[in-house]
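If you use this note's numbering, the sequence shown corresponds to residues 3 to 191, in order. Accompanying notes for the structure given below.
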Amino acid sequence: MNQTKTVQTNIFPVVEQHVLTQALWVTGFALLTAVGAQIEIPHQPVPYTMQTFFVLLSGALLGKRNAALSQLLYLGLGALGLPVFAQFGFGITRLLGPTGGYLLSFPVAAFAVGYIIDKNKSIWWTALAMFVGSLFIFSLGTLQLQFLYYQEWVQSLLNGFLIFSWWDILKVSAATILAHQLRKIQSGS
C-alpha cells in the first residue's frame with residue numbers, strides 16, 4: 003500500500019506538469035498568432051500580416067496536435083469576441099468575410115506542418131512543411147475570396163494568392179530558420 007502511494011505521488015505530478023506545459027505552449031502560440039495579426043502592412047482586400055509566421059512556427063515547434071489546438075484556440079477567441087484578428091477584428095463575421103478562408107485554414111496548416119516535420123526534422127523538410135502549410139492557407143483563402151467576390155479565377159488567384167508570394171517566401175524562410183535553430187538549442191547540438 004505504501005509503495006502504491008509513492009508511485010502515484012511520483013507519477014501524477016509529472017503528468018499534470020506535462021499537461022500544464024502543453025497547455026501553456028498552446029495558449030502561447032494562440033497569443034503569438036494574435037500579436038502577429040496586428041503586425042501588418044495594409045493592403046486590400048487582405049492585409050499582409052505576421053499571423054501565418056506563427057501558424058507555421060506552431061506546427062514546427064508544437065507538433066501536429068498541439069499546433070492545431072493552438073490555432074483552434076486562436077479562432078475560438080476571435081469568434082467569441084476577443085479582438086485577436088487583424089486590425090483588432092473579432093467575431094464570426096471575420097470568419098465568414100474575405101479573410102475567413104485564410105483564418106479557417108490555420109488549424110489545418112499548423113497540423114500539416116507538424117505532421118510533415120514529424121517525419122523528418124531537417125531544415126529542408128521544415129521548409130517543405132512550411133510551404134505546404136502556406137499552400138493550405140492560400141488555397142482556402144483564395145477559395146473564400148472567389149466565393150465572396152464572384153471574381154474570375156485568374157483575378158482570385160492574383161488577389162488572394164500570387165500577391166502574397168514574395169511576403170510568404172520571406173516569412174517561410176524566417177520561420178524555417180528560427181524553428182531549425184530553436185530545435186538545435188533544445189537538443190543541445
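Just so it is clear, CB atoms sit at the ideal spot from N, CA and C, and this is done for glycine as well. From a predicted model like this one, the values you see are computed outputs, not experimental measurements.
query: Measure the CB-CB distance between ALA114 and VAL57 and report whether it falls below 7 Å.; result: no
query: So the candidates are ALA88, GLN24, SER60, GLN19; which of them puts its Cα closest to the Cα of SER136?; result: SER60
query: Let me confirm a value: ILE119 is counted as buried when at least 16 other C-beta atoms fall within 10 Å, else exposed. Which label applies?; result: buried
query: What distance in whole Å lies between the Cβ atoms of GLN40 and PHE1, which are believed to be in contact at a cut-off of 8 Å?; result: Since the first residue shown for the chain is 3 and the last is 191, residue 1 is missing from the structure and cannot be characterised.
query: Exposed or buried, which one is SER124 when buried takes at least 16 other CB atoms within 10 Å?; result: exposed
query: Leaving out the 5 sequence neighbours to the left and right, which residues in its chain are closer than 6 Å to ASP170 when beta-carbon positions are compared?; result: SER136
query: Buried or exposed, going by whether 16 or more other CB atoms sit within 10 Å of the CB of GLY190?; result: exposed
query: Our contact map puts LEU142 next to GLY103 with C-beta atoms below 8 Å; I'd like the distance itself, whole angstroms only.; result: 4 Å
query: Which of the three DSSP states is assigned to ILE94 in this structure?; result: helix
query: What are the start and end residues of the alpha helix (DSSP H) that includes VAL86?; result: Taken as a continuous stretch (DSSP letters only), VAL86 belongs to no alpha helix (DSSP H), as it is neither H nor E.
query: Counting only the same chain and skipping the five closest in sequence on each side, list residues whose C-beta sits under 7 Å from that of ASN68.; result: GLN24, TRP27, VAL28
query: For ALA88, which residues of its own chain have a beta-carbon under 8 Å away from its beta-carbon, when the five flanking residues on both sides are left out?; result: ALA39, GLN40, GLU42, PRO49, THR51, GLN53, THR101
query: Nearest by alpha-carbon distance to ILE94: which of PHE108, GLY78, PHE149 is it?; result: GLY78
query: Less than 6 Å separating the Cβ of ALA112 from some heavy atom of the ligand GTP?; result: Only the bare structure without any ligand can be found here, which leaves the ligand GTP out of the picture.
query: Which residue comes first and which comes last in the alpha helix (DSSP H) that contains PHE138?; result: 125 to 151
query: Does the Cβ of ILE179 have 16 or more other Cβ atoms within 10 Å, making it buried, or fewer, making it exposed?; result: exposed
query: Out of LEU33, PHE55, HIS20, which has the shortest C-alpha to C-alpha gap to PHE166?; result: PHE55
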